[in-house]
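Residue numbers (UniProt numbering): 1 to 375.
Written out as structure tokens, the structure is:
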């Protein structure tokens with residue numbers, strides 16, 4: 001049954017003639033055909049998903065398209081971070097071209113952040129740019145990776161280092177699908193929700209501290225948290241689409257987090273992206289305190305909340321051990337925010353007071369990592 005439109009929220013990403021809507025609420029996969037048909041000039045779609053999502057939602061999604069007379073083909077890829085590779089990028093591009101998807105047709109990502117990033121990259125380069133629709137099925141994807149046009153795959157040198165900016169034409173965030181996530185997956189996505197409060201919305205972070213159980217339970221609080229997160233990202237993307245300035249704030253916790261993901265070889269049994277972000281946000285607040293930019297109490301507050309919801313908050317909680325500080329530093333030095341060889345970190349002066357810090361001394365980072373790594 002399709003949910004009434006009154007149960008949904010719409011967030012607009014304002015990019016001139018490339019503006020698009022993020023629809024948030026229950027029942028959006030059954031309604032996907034109607035929502036897409038009303039916006040799509042073409043009548044063909046290539047749907048890219050993975051082996052975890054396909055058994056749950058692919059049939060319903062394809063039926064919704066068929067009901068509106070949209071011709072669709074699908075490709076099911078392996079699940080997991082390692083799918084963000086050249087091998088699978090070629091597979092997606094070949095499928096899109098074999099389906100004769102034209103520029104007025106669309107490529108759809110039905111899945112979490114991995115499928116969204118990979119599919120968006122393929123849509124950005126197939127026929128030099130095809131229309132692209134995101135149907136995110138994880139909390140992390142709904143509040144972060146599906147919005148803003150960053151696409152890409154991983155490299156042996158680091159995460160998301162190969163890709164393009166390619167904005168979607170529509171995002172359908174069906175909140176019903178979040179009920180099928182494992183507790184671990186939902187918590188990992190929640191780290192990105194908390195991030196928006198820590199960047200520049202201290203009132204939102206305080207609201208989450210009081211209401212996180214309701215967000216986890218579902219219903220109106222969950223929709224509110226997702227809509228607030230999407231609006232926060234939409235505002236930043238509209239002001240700085242290609243991360244030439246303030247959009248870098250969205251990477252709070254990610255510089256440390258991406259280095260930890262690389263150090264664990266993107267093994268999801270050891271660490272998933274949101275868990276790396278959680279640890280990274282705590283480290284960013286602790287490093288800010290070490291640099292006398294913020295009070296240690298802020299880091300303790302952030303750590304306490306993330307720990308309360310069940311997220312890891314320290315490097316010694318990553319199973320399997322980690323390499324030395326110098327190896328982590330090599331991964332950090334490959335980060336996309338490095339400019340002219342100088343390190344750029346997102347640091348903070350307190351909860352909700354993050355800022356872009358240029359030319360952070362590498363020696364300070366190495367010394368800090370040595371302090372925090374498990375002995």
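Virtual Cβ for every residue (Gly too), placed ideally from N, Cα, C.
### residue 35 vs residue 170 beta-carbon contact at 9 Å
What you label residue 35 is simply residue 35 of the chain shown in a count that begins at 1. What you label residue 170 is simply residue 170 of the chain shown in a count that begins at 1. A contact, by the Cβ cut-off of 9 Å.
### Query
To the nearest angstrom, how far is it from the Cα of residue 334 to the Cα of residue 261?
Translated into the one-based positions of the chain shown, residue 334 becomes position 334. Translated into the one-based positions of the chain shown, residue 261 becomes position 261. Rounded to the nearest angstrom, the two C-alpha atoms are 13 Å apart.
### Query
Near residue 360, which residues of its chain fall below 6 Å by C-beta distance, leaving aside the five closest residues on each side in sequence?
Within the chain shown, residue 360 is the residue found at index 360, counting from 1. Hits under 6 Å: 343 and 345.
### Message
If you follow the beta strand (DSSP E) that residue 79 is in, where does it begin and where does it stop?
### Response
Translated into the one-based positions of the chain shown, residue 79 becomes position 79. No beta strand (DSSP E) contains residue 79, which DSSP labels as neither H nor E.
### Task
Output yes or no for whether 9 Å exceeds the beta carbon distance between residue 24 and residue 142.
Translated into positions along the chain shown, residue 24 becomes position 24. Translated into positions along the chain shown, residue 142 becomes position 142. Against a cut-off of 9 Å, the Cβ pair of residue 142 and residue 24 comes out as a contact.
### Beta-bridge partners of residue 25, as assigned by DSSP
Numbered from its first residue, the chain shown carries residue 25 at position 25. In DSSP, residue 25 forms a bridge with 174.
### Query
Could you check where the beta strand (DSSP E) with residue 132 kicks off and where it finishes?
By one-based count along the chain shown, residue 132 stands at place 132. Here the beta strand (DSSP E) through residue 132 covers 131 to 136.
### Query
Shortest alpha-carbon distance to residue 156 belongs to which of 265, 306, 293 and 200?
Here residue 156 corresponds to residue number 156 of the chain shown, with the count starting at 1. When each option's Cα is compared against that of residue 156, the closest is 265.
### Query
Ordered along the chain, which non-local residues of its own chain (more than five positions away) have a Cβ less than 6 Å from that of residue 193?
Reading the chain shown from its first residue, position 193 is the one you call residue 193. Excluding sequence neighbours, residue 193 sits near 143, 225 and 229.
### Task
Ignore the nearest five residues each way along the sequence and tell me which others in residue 111's own chain have a CB closer than 7 Å to its CB.
Here residue 111 is taken as the residue at index 111 of the chain shown, counted from 1. Here the set comprises 49, 50, 53 and 137.
### Task
Give the straight-line distance between the Cα atoms of residue 41 and residue 105, rounded to the nearest whole angstrom.
Translated into positions along the chain shown, residue 41 becomes position 41. Translated into positions along the chain shown, residue 105 becomes position 105. Going by the C-alpha atoms only, they are around 7 Å apart.
### Message
Quick check on residue 54: does DSSP put it in helix, strand or coil?
### Response
Taking the chain shown and counting its residues from 1, one reaches residue 54 at position 54. Residue 54: helix per DSSP, three-state reduction.
### Query
Under a Cβ-count criterion, where at least 16 other Cβ atoms within 10 Å of its own Cβ denotes burial, should residue 55 be classed as buried or exposed?
Residue mapping note: residue 55 aligns to position 55 of the chain shown, counting from 1. Exposed, since its Cβ has fewer than 16 Cβ neighbours within 10 Å.
### Query
Are there 16 or more other CB atoms within 10 angstroms of the CB of residue 168, so buried, or fewer, so exposed?
Mapped onto the chain shown, residue 168 falls at position 168. Result: buried.
### Query
In the structure shown, what three-state DSSP assignment does residue 139 receive?
Here the question's residue 139 lines up with position 139 in the chain shown. Helix.
### Message
Can you tell me whether residue 26 is buried or exposed? The criterion is at least 16 other CB atoms within 10 Å of its CB, across all chains shown.
### Response
Stepping through the chain shown from its first residue, residue 26 is reached at position 26. Answer is buried; the Cβ neighbour count reaches 16.
### Task
Give me whichever residues DSSP pairs with residue 346 in a beta bridge.
As a first step, residue 346 must be located in the chain shown, where it is residue number 346. DSSP output for residue 346 lists 356 as bridge partner(s).
### Task
Look at the Cβ atom of residue 107, then the Cβ atom of residue 115, and state whether they are nearer than 9 Å.
Position 107 of the chain shown, counting from 1, holds the residue named residue 107. Position 115 of the chain shown, counting from 1, holds the residue named residue 115. Not a contact, by the Cβ cut-off of 9 Å.
### Query
In terms of residues, what are the limits of the alpha helix (DSSP H) holding residue 198?
Stepping through the chain shown from its first residue, residue 198 is reached at position 198. Looking at the DSSP string, the run of the alpha helix (DSSP H) that includes residue 198 is 183 to 200.
### Message
Check whether chain C comes within 9 Å of residue 102, counting only Cβ atoms and requiring the distance to be less than that.
### Response
You won't find chain C in this structure, because it holds only one protein chain.
### Task
Give me whichever residues DSSP pairs with residue 44 in a beta bridge.
Mapped onto the chain shown, residue 44 falls at position 44. DSSP output for residue 44 lists 71 as bridge partner(s).
### Where the beta strand (DSSP E) through residue 159 begins and ends
Residue numbering aside, residue 159 sits at position 159 when the chain shown is read from its first letter. That run of the beta strand (DSSP E) goes 158 to 162.
### Task
Please work out which residues of its chain come closer than 7 Å, Cβ to Cβ, to residue 223, disregarding the five sequence neighbours upstream and downstream, and give them in chain order.
Taking the first residue of the chain shown as 1, we reach residue 223 at position 223. Hits under 7 Å: 9, 24, 25 and 175.
### Message
Using a Cβ-Cβ cutoff of less than 8 Å, which residues in the same chain neighbour residue 76 once the five nearest sequence positions on both sides are dropped?
### Response
Within the chain shown, numbered from 1, the residue matching residue 76 stands at position 76. Cβ neighbours of residue 76 beyond the five flanking positions: 49, 50, 51, 54 and 58.
### Message
Between which residues of its own chain and residue 309 is the CB-CB distance below 7 Å, once the five residues before and five after are set aside?
### Response
By one-based count along the chain shown, residue 309 stands at place 309. Correct list, in chain order: 187, 190 and 212.
### Stretch-stretch touch, CB-based, cutoff 8 Å, three pairs: the region 236 to 250 with the region 201 to 217
no
### Query
How big is the Cα-Cα spacing for residue 234 and residue 13?
As a first step, residue 234 is located in the chain shown; it is residue number 234 there, counting from the start. As a first step, residue 13 is located in the chain shown; it is residue number 13 there, counting from the start. Approximately 5 Å, taken between the alpha carbons.
### Query
With 16 other CB atoms within 10 Å as the buried threshold, where does residue 153 fall?
Counted from its first residue, the chain shown places residue 153 at position 153. That one is buried.
### Query
Expressed to the nearest angstrom, what Euclidean distance is found between the alpha-carbon atoms of residue 273 and residue 327?
Indexing the chain shown from 1 puts residue 273 at position 273. Indexing the chain shown from 1 puts residue 327 at position 327. Those two C-alpha atoms are separated by around 19 Å.
### Query
With respect to the alpha helix (DSSP H) encompassing residue 283, which residues constitute its N-terminal and C-terminal limits?
Sequence index remark: in the chain shown, residue 283 carries index 283 (1-based). That run of the alpha helix (DSSP H) goes 273 to 290.
### For residue 9, three-class secondary structure by DSSP
Taking the first residue of the chain shown as 1, we reach residue 9 at position 9. Residue state, collapsed to three classes: strand.
### Query
Who are the near neighbours of residue 33 in its chain, counting only those whose CB is closer than 7 Å to its CB and skipping five residues on each side?
By one-based count along the chain shown, residue 33 stands at place 33. Contacts found: 64, 65, 67, 68 and 70.
#### Entry: In DSSP terms, what residue 111 is bridged to
On the chain shown, residue 111 is found 111 positions in, with the first residue counted as 1. In the DSSP output, where bridge partners are listed per residue, residue 111 has 136.
### Query
How long is the line joining the alpha carbons of residue 214 and residue 179, rounded to whole angstroms?
Residue numbering aside, residue 214 sits at position 214 when the chain shown is read from its first letter. Residue numbering aside, residue 179 sits at position 179 when the chain shown is read from its first letter. Answer to the nearest angstrom: the Cα atoms are 13 Å apart.
### Message
Suppose the cutoff is 7 Å on Cβ atoms and the five residues either side in sequence are ignored; what does the same chain contact list for residue 2 look like?
### Response
In the chain shown, counting from the first residue as 1, residue 2 sits at position 2. Note that residue 2 scores a pLDDT of 49, beneath 50, so its modelled location is shaky; the value from the coordinates is reported in the next line. Counting only Cβ-Cβ distances below 7 Å, and skipping sequence neighbours, we find 27, 30 and 31.
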